[in-house]
Ligand SMILES: Cc1ncc(COP(=O)(O)O)c(C=O)c1O
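Residue numbers (the numbering used here): -17 to 387.
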């Protein structure tokens, strides 16, 4: 291995939300954090050195995106997703959630219906609500430990919807959608004239034998109705640099998207975001190729540990993402009791499944984007809380479930 993912980096005192803002979010400091969806790994020298070099220049004025930035994006999309994109299709935003809100505001109006598939990354729901659109939930179905789409329900909901917020790969159920599933989606979206916002921020964290298929790569028709959002933020742990990439092949959709971006004067990007994204897409592949088996091994560690020590909790086998979806249903706790058990008894900060909408009840999301030692420490805390509380479950004293991010 060229890179050392076992290295523990002390992130405290850096104002990172995951470690430094536990009290603000959970009302408690002494928690082991496995929540916010960033990783505890340092970025590789291939990305860090260009950032340092840029920083050493010491003048940080308004900066455009050079041709190298676009060439790096185009190269990454071709080599990682077998998708040939054009320079003009690339539109940068300060994040995926801003792009999602922008798309909602530009392409739908107050009172329009938007389809999501819960349990799903909760800013989808928040964005629909804050923009006063109507949420239509095509809830995913858990069958034999595997999440699937309820096609009949989607067929119905699509009839009255304007837009579909698609999460691919899916956070938190960690599905990587297949070509057959995407083809069915295409058919439904086509017949019902739905615009798709395809959030593919987790596209690079895929476990073999799964492969990520960009929604818009499937066909020209699908590309014409899809805004696809990607970023280096999850892949290379660069979320703080706030730069994401939208691929919009359709001229008219892209014109309107860019106009709204310009109206808000959000079309410029952070200097370090540009440098880091370019470097990551140019030279980050080797690091990523070592990261993926490391994350997979973390999953195997969690799975084996739970089977041996805490069989009441099972983990959904992930196809992608560094987020595990733990099924805690057998504990027989309400969502408030479950949240309280993890916080108060186990001293663990995970994301409460209920936050992700219907279907998230009885689940907890665990972030394994960290050294294996950090994962094991979390599991040990969980095990000791289970043995201390065996006669206490169910009925652990409930406290208000905190907000999350
Ligand atoms: C599916 C998904 N979309 C978007 C985001 C956040 O994107 P950004 O920070 O670029 O707004 C996350 C972060 O966890 C995510 O999981």
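Each residue gets a CB set at the ideal place from its N, CA and C atoms; glycine is no exception. Source: prediction; values computed, not measured.
| Item | Value |
| --- | --- |
| Meets three-Cβ-pair contact criterion under 8 Å: the region 202 to 215 and the region 319 to 327 | no |
| Pairwise C-alpha distance: residue 268 and residue 438 | Nothing can be reported for residue 438, as the shown portion of the chain is limited to -17 through 387. |
| As assigned by DSSP and simplified to three states, the class of residue 18 | coil |
| Cβ-based burial, residue 369 [other Cβ within 10 Å; buried from 16] | exposed |
| Three-pair Cβ contact test at 8 Å for the region 234 to 246 versus the region 262 to 282 | no |
| Beta-carbon proximity check, residue -16 vs residue 272, cutoff 8 Å | yes |
| Run of the alpha helix (DSSP H) containing residue 269, from where it starts to where it stops | 267 to 291 |
| Straight-line Cα distance separating residue 371 from residue 127 | 27 Å |
| Cβ-based burial, residue 123 [other Cβ within 10 Å; buried from 16] | exposed |
| Segment contact flag, the region 24 to 42 with the region 349 to 367, C-beta cutoff 8 Å, min 3 pairs | no |
| N- and C-terminal bounds of the alpha helix (DSSP H) containing residue 52 | 49 to 63 |
| Residue range of the unbroken beta strand (DSSP E) whose run includes residue 370 | Here residue 370 belongs to no beta strand (DSSP E); instead the alpha helix (DSSP H) covers 354 to 370. |
| First and last residue of the uninterrupted beta strand (DSSP E) at residue 170 | Where residue 170 is concerned, there is no enclosing beta strand (DSSP E), although the alpha helix (DSSP H) it sits in stretches over 161 to 173. |
| When 248, 217, 280 and 89 are compared against residue 353, the one with the closest alpha-carbon | 280 |
| Identity of the residue in 112, 270 and 121 nearest residue -14 by Cα | 270 |
| Check whether residue -9 and residue 20 have beta carbons under 8 Å apart | no |
| Among 256, 199 and 193, nearest to residue 223 - alpha-carbon criterion | 256 |
| Length of the line joining the Cα atoms of residue 408 and residue 145 | As shown, the chain starts at -17 and ends at 387. That puts residue 408 outside it, with no answer to give. |
| Candidates 364, 220 and 129, of which the one nearest residue 261 by Cα | 220 |
| Neighbour-count burial assignment, residue 16, 16 or more Cβ in a 10 Å radius | buried |
| Near ligand 1: residue 79 beta-carbon under 7 Å from a heavy atom | yes |
| Pairwise C-alpha distance: residue 172 and residue 286 | 43 Å |
| Close Cβ partners of residue 65 (< 6 Å) along its chain, the five nearest in sequence each way excluded | 59, 196 and 199 |
| C-beta atoms of residue 102 and residue 307 nearer than 8 Å | no |
| Reference residue 181, options 168, 249, 77 and 331, closest by Cα | 77 |
| Under the three-state DSSP convention, the category residue 130 falls into | strand |
| Host beta strand (DSSP E) of residue 349 (start-end) | 345 to 349 |
| Identity of the residue in 214, 88 and 98 nearest residue 152 by Cα | 98 |
| Beta-carbon separation (whole angstroms), residue 331 vs residue 84, contact threshold 8 Å | With a Cβ gap of about 31 Å, residue 331 and residue 84 do not count as contacting. |
| Segments assigned alpha helix (DSSP H), at least 4 residues, entirely inside the region 83 to 143 | 105 to 112 and 133 to 141 |
| Check: residue 194 C-beta below 7 Å from any heavy atom of ligand 1 | no |
| Per-residue DSSP class, three states only, for residue 9 | coil |
| Three-state secondary structure (DSSP) of residue 252 | coil |
| Counterpart residues of residue 302 in DSSP-defined beta bridges | 188 |
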